[in-house]
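Asks:
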Amino acid sequence: GIQVEQSPPDLILQEGANSTLRCNFSDSVNNLQWFHQNPWGQLINLFYIPSGTKQNGRLSATTVATERYSLLYISSSQTTDSGVYFCAAHWTGGGNKLTFGTGTQLKVEL
Amino acid sequence: ETGVTQSPTHLIKTRGQQVTLRCSSQSGHNTVSWYQQALGQGPQFIFQYYREEENGRGNFPPRFSGLQFPNYSSELNVNALELDDSALYLCASSLSGQGTHEQYFGPGTRLTVT
Numbered sequence: 204g205i206q207v208e209q210s211p212p213d214l215i216l217q218e219g220a221n222s223t224l225r226c227n228f229s230d231s232v233n234n235l236q237w238f239h240q241n242p243w244g245q246l247i248n249l250f251y252i253p254s255g256t257k258q259n260g261r262l263s264a265t266t267v268a269t270e271r272y273s274l275l276y277i278s279s280s281q282t283t284d285s286g287v288y289f290c291a292a293h294w295t296g297g298g299n300k301l302t303f304g305t306g307t308q309l310k311v312e313l
Numbered sequence: 005e006t007g008v009t010q011s012p013t014h015l016i017k018t019r020g021q022q023v024t025l026r027c028s029s030q031s032g033h034n035t036v037s038w039y040q041q042a043l044g045q046g047p048q049f050i051f052q053y054y055r056e057e058e059n060g061r062g063n064f065p066p067r068f069s070g071l072q073f074p075n076y077s078s079e080l081n082v083n084a085l086e087l088d089d090s091a092l093y094l095c096a097s098s099l100s101g102q103g104t105h106e107q108y109f110g111p112g113t114r115l116t117v118t
């Protein structure tokens with residue numbers, strides 16, 4: 204099956220800083236999703252991005268499917284951005300299931 | 005539009021017991037997937053249900069089973085609970101047959117096995 208790796212595993216930022224999270228995947232994917240998991244465990248959809256670039260407020264994402272990676276950009280970070288960020292891939296040979304990366308734990312401090 | 009809901013929120017069971025978790029899919033969605041998330045890890049795919057049949061299964065033993073009902077809601081059943089079954093169980097719904105595969109998750113059920 205597909206392997207999904209995320210980096211960095213942990214990140215500490217000062218409020219207002221920018222950051223880039225990376226997701227590498229080992230095989231062709233149908234689609235890719237980014238999630239933010241809040242402290243209560245809820246996975247919140249950030250982007251559904253099989254290719255190209257999307258922006259939503261302070262967040263944006265880029266997927267380069269031919270090079271098998273996706274990036275999540277967080278600008279002007281706020282304390283409410285803290286939590287775990289996951290990317291998850293729909294693998295071409297894996298049906299409709301999502302394969303998750305190991306996550307990036309982000310802490311934004313005042 | 006109603007989002008994905010799960011019940012119960014928390015559950016404590018004893019090793020060897022059986023448990024049933026429930027999920028209601030987002031309105032308009034016809035597919036439900038179940039995931040297990042152990043502490044500090046990413047969610048792992050258990051299985052998926054589409055048209056009331058299992059439509060793909062991850063690396064989980066047969067004591068993990070499920071159902072999907074005509075209204076697309078779903079149940080996850082786990083028999084003979086083991087301590088390692090303690091985890092957050094997440095349900096996701098999606099719409100199959102429309103080209104996209106975007107999944108939306110419920111708030112989860114936190115299961116503790118003692």
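Chains as they are written, first to last, in the working numbering: chain Z, 204 to 313; chain U, 5 to 118. We put the beta carbon where it would ideally sit given N, CA and C, even for glycine.
1) Report yes if the CB atom of Thr307(Z) is closer than 9 Å to the CB atom of Gln209(Z), and no otherwise.
2) Are any of the Cβ atoms in chain Z nearer than 9 Å to that of Gly70(U)?
3) List the endpoints of the continuous beta strand (DSSP E) containing Thr13(U).
4) Quick one: which chain Z residues come within Cβ less than 9 Å of Thr35(U)?
5) Just curious, the beta strand (DSSP E) that Lys257(Z) is in, first and last residue?
6) Of the choices Glu58(U), Asn63(U), Leu43(U) and Val82(U), whose alpha-carbon is the least far from that of Phe49(U)?
7) Beta-carbon separation of Leu274(Z) and Thr223(Z) under 9 Å?
8) Throw me the rounded Cβ distance for the Cys27(U) and Gln10(U) pair, which I believe falls under 8 Å.
9) Of the residues that make up the region 62 to 88 of chain U, which ones have a beta carbon closer than 8 Å to any beta carbon in chain Z?
10) Taking only three categories from DSSP, how would you classify Glu270(Z)?
11) What number of angstroms, rounded off, separates the C-alpha of Gly46(U) from the C-alpha of Tyr272(Z)?
12) Between Trp237(Z) and chain U, is the shortest Cβ-Cβ distance under 9 Å, so that the two count as touching?
13) Counting only runs of 3+ residues fully inside the region 13 to 62 of chain U, write out the beta strand (DSSP E) ranges in chain order.
14) Tell me which residues share the same chain as Tyr276(Z) and place their Cβ nearer than 6 Å to its Cβ, disregarding the 5 neighbours each side in the sequence.
Replies: Taking the geometry as given:
1) The residue labelled residue 307(Z) in the question sits at position 104 within the first sequence. The residue labelled residue 209(Z) in the question sits at position 6 within the first sequence. Cβ atoms of Thr307(Z) and Gln209(Z): closer than 9 Å.
2) One-based indexing of the second sequence puts residue 70(U) at position 66. Cβ-Cβ to chain Z under 9 Å: no for Gly70(U).
3) What you label residue 13(U) is simply residue 9 of the second sequence in a count that begins at 1. Neither: Thr13(U) is in no beta strand (DSSP E) and is coded neither H nor E.
4) As a working mapping, residue 35(U) is identified with position 31 in the second sequence. Result: Asn299.
5) Working through the first sequence from its first residue, we reach residue 257(Z) at position 54. Note, Lys257(Z): beta strand (DSSP E), Gly255 to Asn259.
6) Here the question's residue 49(U) lines up with position 45 in the second sequence. Out of Glu58(U), Asn63(U), Leu43(U) and Val82(U), Asn63(U) has the C-alpha closest to the C-alpha of Phe49(U).
7) Here residue 274(Z) refers to the residue found at position 71 when the first sequence is read from its first residue. Here residue 223(Z) refers to the residue found at position 20 when the first sequence is read from its first residue. Yes, the pair counts as a contact, with Cβ atoms nearer than the cut-off.
8) Start at 1 with the first residue of the second sequence, and residue 27(U) comes out as number 23. Start at 1 with the first residue of the second sequence, and residue 10(U) comes out as number 6. The Cβ separation is near 5 Å, so the contact holds.
9) Gly62
10) Here residue 270(Z) refers to the residue found at position 67 of the first sequence. Reduced to three states, the DSSP call for Glu270(Z) is helix.
11) Walking along the second sequence from the start, residue 46(U) turns up at place 42. Walking along the first sequence from the start, residue 272(Z) turns up at place 69. Gly46(U) and Tyr272(Z): Cα-Cα distance of roughly 18 Å.
12) Counted from its first residue, the first sequence places residue 237(Z) at position 34. With 9 Å as the cut-off, Trp237(Z) does not count as an interface residue toward chain U.
13) 14 to 17, 23 to 28, 35 to 41, 48 to 54 and 57 to 61
14) Sequence index remark: in the first sequence, residue 276(Z) carries index 73 (1-based). Cβ within range, chain order: Thr223 and Ser263.
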